[in-house]
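**Q** Sharing a structure with you now.
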Amino acid sequence: MKKTTPKSLTKRLAQYGALTAAITGVADANGQIVYTDIDPDDGGVGVQYLLDMDNDGNSEFVINQTGNNLFAAPIPSSAAILGIDSTYDYPFALDNGDNISAGLTDWLSGNGYYKTMNYNSCNYSSSQWCAVTDKYLGLRFNIGANTHYGWARLDAGLSPGTDGYTIKDYAYNSVAGEPISAGQTLSVDKFSSQVFCDISCKDKIVTISKLTGNANYRILSLTGKQLINGETHVESKEINASNLASGIYIVEVRSADSNAVERKKIVIQ
91 MKKTTPKSLT
101 KRLAQYGALT
111 AAITGVADAN
121 GQIVYTDIDP
131 DDGGVGVQYL
141 LDMDNDGNSE
151 FVINQTGNNL
161 FAAPIPSSAA
171 ILGIDSTYDY
181 PFALDNGDNI
191 SAGLTDWLSG
201 NGYYKTMNYN
211 SCNYSSSQWC
221 AVTDKYLGLR
231 FNIGANTHYG
241 WARLDAGLSP
251 GTDGYTIKDY
261 AYNSVAGEPI
271 SAGQTLSVDK
281 FSSQVFCDIS
291 CKDKIVTISK
301 LTGNANYRIL
311 SLTGKQLING
321 ETHVESKEIN
331 ASNLASGIYI
341 VEVRSADSNA
351 VERKKIVIQ
């Protein structure tokens, strides 16, 4: 298992074709997301996986495939999973970018009681982990007396007894009480102190202004995936982002003259 802290975040992000060497120093100053890549991926049929979010040797969650069922459980009473609270508890299969925070009320608490991700090939309609790829568990746990929020990314087959499951990676916000988005591996704060341009967004138009020379730009997802890129030779550049879904993105601008980098969070609505 390989832990990626802010200092080593670059290597993992490069696998997504995103923020390369320059991100290391930036993440040191601003990064608050602690990301762990499970390499190789784990899980399978008949496999119980103990999930230790902060890698301190004490697991906060367990994922268990048994019979033709897939379950997840918070281990300590302070831990919880986002989901549907009914006769049986059903963890949500979150999408990339979904919010995980204290403002949500759908938390299923622990003490080792299993939550039903998939029961008997999704025999119950509330089961959400039915032949899914790259979905996320929303997680809450404590470090000491402080509450932290995180996610774990999994695939799950329709019939757990034959298809099994795969757990790929997980992350949490190291700032107590602060939210995290499902799939988020970068801080959403303004990343760089090397300010050489202004970045703004309105009506799905991203504007880069006050440029004094040639520059390259990219728009990235919070996982570091490059979505839009290009170059500009003018003082002010408008980028049409109408093809992007509503959410939080990162705009990166790199000066071709000085190699200075400016990164900023934007919200597209």
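Be aware that the sequence shown starts at 91, since it is given in this note's numbering, and climbs by one per residue. A virtual CB, placed ideally from N, CA and C, is assigned to each residue, including glycine. What you are looking at is a predicted structure, and each value in this text was computed from that prediction instead of being measured.
In the DSSP assignment, what residue or residues form a beta bridge with T322?
**A** Translated into the one-based positions of the sequence shown, residue 322 becomes position 232. Answer is A305.
**Q** Would you please state the rounded distance, in angstroms, between the beta carbons of L248 and Y255? I believe it to be under 8 Å.
**A** Along the sequence shown, one-based indexing puts residue 248 at 158. Along the sequence shown, one-based indexing puts residue 255 at 165. Between Y255 and L248 the Cβ distance is about 11 Å, and since that is not below 8 Å, they are no contact.
**Q** So T275 packs on I123, CB below 8 Å; how close in whole Å?
**A** As a position in the sequence shown, residue 275 is number 185, starting the count at 1. As a position in the sequence shown, residue 123 is number 33, starting the count at 1. Indeed they touch by this definition, with Cβ atoms about 6 Å apart.
**Q** Rounding to the nearest angstrom, what Cα-Cα distance links P166 and G202 in this structure?
**A** In the sequence shown, residue 166 corresponds to position 76, counting from 1. In the sequence shown, residue 202 corresponds to position 112, counting from 1. Rounded to whole angstroms, P166 to G202 spans 7 Å at the Cα level.
**Q** Between which residues of its own chain and K300 is the CB-CB distance below 6 Å, once the five residues before and five after are set aside?
**A** Here the question's residue 300 lines up with position 210 in the sequence shown. Result list for K300: C287, D288, in chain order.
**Q** When burial is assigned at 16 or more other CB atoms within 10 Å of the CB, is R353 buried or exposed?
**A** Taking the first residue of the sequence shown as 1, we reach residue 353 at position 263. Label assigned to R353: buried.
**Q** Taking only the alpha-carbon atoms, compute the straight-line gap between K225 and L184 and give it to the nearest angstrom.
**A** Numbered from its first residue, the sequence shown carries residue 225 at position 135. Numbered from its first residue, the sequence shown carries residue 184 at position 94. Near 6 Å, if we compare the C-alpha coordinates of L184 and K225.
**Q** Please report the Cβ distance between D196 and D175, rounded to the nearest whole angstrom; I am assuming they are in contact, meaning their Cβ atoms lie under 8 Å.
**A** What you label residue 196 is simply residue 106 of the sequence shown in a count that begins at 1. What you label residue 175 is simply residue 85 of the sequence shown in a count that begins at 1. Right, the Cβ-Cβ distance comes to about 7 Å (below 8 Å), so this counts as a contact.
**Q** Is it the case that the Cβ atoms of I338 and K355 are separated by a distance below 8 Å?
**A** Numbered from its first residue, the sequence shown carries residue 338 at position 248. Numbered from its first residue, the sequence shown carries residue 355 at position 265. It is a contact, given that the beta carbons lie within the stated cut-off.
**Q** Specify whether the region 216 to 236 and the region 149 to 168 touch according to this definition: at least 3 beta carbon pairs, one from each stretch, less than 8 Å apart.
**A** Result yes; three or more Cβ-Cβ pairs closer than 8 Å.
**Q** What residue from D179, T237, T322, A192 has the CA that sits closest to W219's CA?
**A** Residue mapping note: residue 219 aligns to position 129 of the sequence shown, counting from 1. Minimum Cα distance to W219 is reached at D179.
**Q** Taking all protein chains shown into account, decide if K205 is buried (16 or more other Cβ within 10 angstroms of its Cβ) or exposed.
**A** Taking the sequence shown and counting its residues from 1, the one referred to as residue 205 is at position 115. Buried, by the Cβ-count rule.
**Q** Could you spell out the range, first to last residue, of the beta strand (DSSP E) harbouring G251?
**A** For the purposes of this step, residue 251 is taken as residue 161 along the sequence shown, with counting starting at 1. No beta strand (DSSP E) contains G251, which is instead part of the alpha helix (DSSP H) from 250 to 253.
**Q** What residues in its chain sit with their C-beta under 6 Å from that of N306, if we drop five residues either side in the sequence?
**A** Walking along the sequence shown from the start, residue 306 turns up at place 216. Taken in chain order, the residues that qualify are E321, R344.
**Q** DSSP state of P181, grouped into three classes?
**A** By one-based count along the sequence shown, residue 181 stands at place 91. Strand, per DSSP.
**Q** Return the residue from the list L160, S217, A170, D142 that minimises the CA-CA distance to S191.
**A** Translated into the one-based positions of the sequence shown, residue 191 becomes position 101. Ranking the options by Cα distance to S191, first place goes to A170.
**Q** Would you tell me roughly how many angstroms separate the C-alpha atoms of A246 and A346, rounded to the nearest one?
**A** Numbered from its first residue, the sequence shown carries residue 246 at position 156. Numbered from its first residue, the sequence shown carries residue 346 at position 256. Distance between the alpha carbons of A246 and A346: 44 Å.
**Q** Identify every residue that forms a DSSP beta bridge with K205.
**A** Indexing the sequence shown from 1 puts residue 205 at position 115. K205 pairs with A162.
**Q** Spatial neighbours of N208 within its chain, please: CB distance less than 7 Å, with the 5 preceding and 5 following residues excluded, ordered by chain position.
**A** As a working note, residue 208 is residue 118 in the sequence shown. So the qualifying residues of the chain are N159, L160, S217, W219, C220, A246, P250.
**Q** To the nearest angstrom, how far is it from the Cα of D142 to the Cα of A261?
**A** Taking the first residue of the sequence shown as position 1, residue 142 is located at position 52. Taking the first residue of the sequence shown as position 1, residue 261 is located at position 171. Using only the alpha carbons, I get a separation of about 10 Å.
**Q** Alpha carbon to alpha carbon, how far is H238 from P269? Give it in angstroms, no decimals.
**A** Taking the sequence shown and counting its residues from 1, one reaches residue 269 at position 179. Taking the sequence shown and counting its residues from 1, one reaches residue 238 at position 148. Those two C-alpha atoms are separated by around 8 Å.
**Q** Rounded to whole angstroms, what's the CA-CA distance from N154 to Y125? Just pull it up for me.
**A** Within the sequence shown, residue 154 is the residue found at index 64, counting from 1. Within the sequence shown, residue 125 is the residue found at index 35, counting from 1. Each residue's alpha carbon lies about 22 Å from the other.
**Q** Figure out for me which residue from N263, D127, V222 has the closest Cα to the Cα of D253.
**A** The residue labelled residue 253 in the question sits at position 163 within the sequence shown. Selected option, being the one with the closest Cα: V222.
**Q** Beta strand (DSSP E) containing W219: first to last residue?
**A** As a position in the sequence shown, residue 219 is number 129, starting the count at 1. Note, W219: premise wrong, no beta strand (DSSP E); not H, not E.
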